[in-house]
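Student: Numbering (our numbering), first residue to last: 18 to 498.
Backbone N, C-alpha and C define an ideal beta-carbon position, used for all residues, glycine too.
My questions will all concern the structure given below.
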Amino acid sequence: MRTLFEQLHDFLPADAVLLSEEAVRPYECDGLFVYRERPAAVVIPETLEQVQQVLKFCYTHKIPVVARGAGTGLSGGALPHKAGVLLSLAKFKRILNIDPVARTARVETGVRNASISQAVAAHGLYYAPDPSSQIACTIGGNVAENAGGVHCLKYGLTVHNILEIKVLTIEGELITIGSQAFDSAGYDLLALFTGSEGLLGVVMEVTVRLLPKPAAVQVVLAAFDSVINAGSAVAEIIAVGIIPAGLEMMDNAAIRAAEAFVKVGYPVDAAAILLCELDGSPEEVEIQIQQVRAIVEKHQASEVRLADNERQRLQFWAGRKAAFPAVGRISPDYYCMDGTIPRKHLPMVLQRIHELSEQYGLAVANVFHAGDGNLHPLILFDASKGQLHQAEELGGKILELCVAVGGTVTGEHGVGVEKLNQMCVQFNSQELLQFHAVKAAFDPANLLNPEKAIPTLHRCAEFGAMHVHHGELAFPELDRF
């Protein structure tokens, strides 16, 4: 195998091929650090033609390929294959074109999410999806995972904010999906590729939609003595027809961790806080502020604050965006979950998570996009004390709870290797067969990011035998996969 991978030097510069154990070790995991695997080779091309040659080489020799952006993913989506090539796209970081009239930008796959808004700010525009990792994560990775962020409630996920992508197939063929217009003929392959986790092709360019900066923006911070009351307030804000730009919730553990880390003035004695951002015309924002204030007070908010200025508004959000690293300061390890539920079930699900936390003896800090029901429970554990399996089992129970109330196992982090078992709970064998059929249509040799996102029916049968959920899990088509 080493001799085979040495052939990559035939069409790549010497420093673009990493083969030694020391050189490939930094690529052995993404943000889900508990899963690690050293790739057989790492390649770092810098031209489209070089990527095409890599893919053609791997296709010819039947070598697995895992594409990687910044490695900030939290589901193991960029976990390398031990016999495969890790394809780093870090050098593709050019902003190719900005069209302020059409409100679009065309960028390479390795451009950082935050860089787009920075580049178009002079035109009074910005790119709406803003995951917490936006200072590091790349637009190609955002497309692969259909990333969201705190403002996805009003402005949508990645899939709602892109127009066109250029993709390389496993055979090295460049195809364009979508168009510069708002719609294109045929099947909606743009939506299919967005969130496909690198299983169908390698994204090389993305044309994103840009939005004008709103005339007025204001943030309401509401503190509650009860997580249940905070959850009920979220449901009513949406029910009355208000669509905030962002509606986020943090429980006491997350509040205390964020405040100790960022020091933004959060009320550390509150059981929960809501951050509700409203934008639009000054008149519209003023009316909605009063409506939101009335709703949170109705649900027994113990304190309500408005950001006094832009600096304080950014401070309120800084605490929320720093919540994940903040929790890392109070626990040796933590496991960040990602599930989505119907908003009406938020109070009940939070109560059940609390009960599961006590049952497993592991603390859980809750940080989530309350407005769209995307939960991010952070399970605190200590791997040195053998608690990893316990944390993973608790996380699985939380995801299965999401499915049981009509939700899904992911909202923006993707499935990767993390949630394969829970995919068996959410989807039946016929649905999984269709997923495999789509994969086979684009990658019949199963070389692109194999063993990710879609479980085999054999795996689901084994999981079902150990873990019967909502009745018997039966997979009569096992012989196909």
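Taking the straight line between their C-alpha atoms, what separation do you get for Pro349 and Leu49?
Tutor: 15 Å
Student: If you follow the beta strand (DSSP E) that His393 is in, where does it begin and where does it stop?
Tutor: 391-398
Student: Which one of Val223, Tyr52, Thr473, Lys79 has the shortest CA to CA distance from Thr121?
Tutor: Ranking the options by Cα distance to Thr121, first place goes to Val223.
Student: Count the other CB atoms within 10 Å of the CB of Phe241; is the residue buried (16 or more) or exposed (fewer)?
Tutor: buried
Student: Are three or more beta carbon pairs between the region 81-95 and the region 20-32 nearer than 8 Å?
Tutor: Touching, no.
Student: I need the DSSP call for Leu291, collapsed to helix, strand or coil.
Tutor: Strand.
Student: Which first and last residues belong to the beta strand (DSSP E) in which Ser319 is found?
Tutor: 318-323
Student: Using a Cβ-Cβ cut-off of 6 Å (strictly less than) and excluding sequence neighbours within five positions of Glu489, which residues of its own chain qualify?
Tutor: In this prediction, Glu489 scores a pLDDT of 40, lower than 50, which makes its location untrustworthy; the coordinate-derived value is nonetheless stated afterwards. Excluding positions up to five away in sequence, the list is empty.
Student: Looking only at its chain, what residues have a beta carbon closer than 8 Å to the beta carbon of Leu191, apart from the 5 residues adjacent to it on each side?
Tutor: Leu65, Gln69, Lys183, Val184, Leu185, Met221
Student: List the DSSP bridge partners of Ser105.
Tutor: Arg85
Student: Work out the CA separation of Ala256 and Leu495 for me, nearest whole Å.
Tutor: Reliability fails at Leu495, whose pLDDT of 35 lies under 50, so the model's placement of it is uncertain and the value that follows must be treated cautiously. Going from the Cα of Leu495 to the Cα of Ala256 covers about 44 Å.
Student: Any Cβ of chain B within less than 9 Å of the Cβ of His140?
Tutor: No chain B appears in the structure shown, which is made up of a single protein chain.
Student: Quick one: which unbroken beta strand (DSSP E) runs of 3-plus residues sit fully inside the region 102-144? Chain order, please.
Tutor: 102-105, 112-116, 121-125
Student: Contact between the region 70-87 and the region 458-478 is defined here as three or more beta-carbon pairs at a separation below 8 Å; is this criterion met?
Tutor: yes
Student: Restricting to Cα atoms, I'd like to know which of Val384, Val225, Val59 is closest to Arg85.
Tutor: For Arg85, the nearest C-alpha among the options comes from Val59.
Student: If we count Cβ pairs, one from each stretch, closer than 8 Å, do we get three or more for the region 242-261 versus the region 324-335?
Tutor: no
Student: What span of residues does the alpha helix (DSSP H) with Phe28 cover, start to end?
Tutor: Per DSSP, Phe28 lies in no alpha helix (DSSP H) and is assigned neither H nor E.
Student: Evaluate the contact criterion for the region 225-238 versus the region 141-150: three or more CB pairs, one atom per stretch, below 8 Å.
Tutor: yes
Student: Roughly how many whole angstroms lie between the Cα atoms of Gly263 and Cys169?
Tutor: 7 Å
Student: Using the beta-carbon count (16 or more within 10 Å), is His475 buried or exposed?
Tutor: exposed
Student: On the CB-based measure, 16 or more other CB atoms within 10 Å of its CB, does Lys280 come out buried or exposed?
Tutor: Exposed, because fewer than 16 other Cβ atoms sit within 10 Å of the Cβ of Lys280.
Student: Report the residue from Gln407, Ser134, Gly158 whose alpha carbon sits nearest the alpha carbon of Glu9.
Tutor: In the structure displayed, the chain extends from 18 to 498; residue 9 sits before or after that span and is not available.
Student: Please report how far the alpha carbon of Leu331 lies from the alpha carbon of Asp205, in whole angstroms.
Tutor: Looking at the backbone, the Cα of Leu331 and that of Asp205 are separated by about 37 Å.
Student: Return the bridge partner residues of Asn383 from the DSSP annotation.
Tutor: DSSP output for Asn383 lists Pro394 as bridge partner(s).
Student: Determine the extent of the beta strand (DSSP E) in which Lys183 is found, giving its start and end residues.
Tutor: 179-185
Student: Spatial neighbours of Ala400 within its chain, please: CB distance less than 6 Å, with the 5 preceding and 5 following residues excluded, ordered by chain position.
Tutor: Asp350
Student: Once DSSP output is grouped into helix, strand and coil, what is the label at Glu190?
Tutor: coil
Student: Quick one: complete beta strand (DSSP E) runs, 3+ long, within the region 210-264?
Tutor: 219-226, 233-241
Student: Rounded to whole angstroms, what's the CA-CA distance from Leu395 to Val137? Just pull it up for me.
Tutor: 34 Å
Student: Going by Cα to Cα distance, which pick from Ile347, Ile358, His406, Ala271 is closest to Tyr377?
Tutor: Looking at Ile347, Ile358, His406, Ala271, the one whose alpha-carbon comes closest to that of Tyr377 is His406.
Student: Using C-beta distances below 6 Å, list every residue in its chain close to Arg111, excluding the 5 sequence neighbours before and after it, in chain order.
Tutor: Excluding five sequence positions before and after Arg111, the CB atoms of its chain that fall closer than 6 Å to its own CB belong to Glu125, given in chain order.
Student: For the beta strand (DSSP E) that Cys353 lies in, which residues bound it at each end?
Tutor: First-last of the beta strand (DSSP E) with Cys353: 350-353.
Student: With DSSP run on the structure shown, which of helix, strand or coil describes His486?
Tutor: Since pLDDT at His486 reaches only 46, below the 50 mark, its modelled position is unreliable, and no value is offered.
Student: May I ask which residues mark the beginning and end of the beta strand (DSSP E) holding Val59?
Tutor: 58-60 is the span of the beta strand (DSSP E), which, as asked, contains Val59.
Student: Rounding to the nearest angstrom, what Cα-Cα distance links Ser132 and Ile152 in this structure?
Tutor: 8 Å
Student: Going straight from the alpha carbon of Gly390 to that of Thr473, what length do you get?
Tutor: 28 Å
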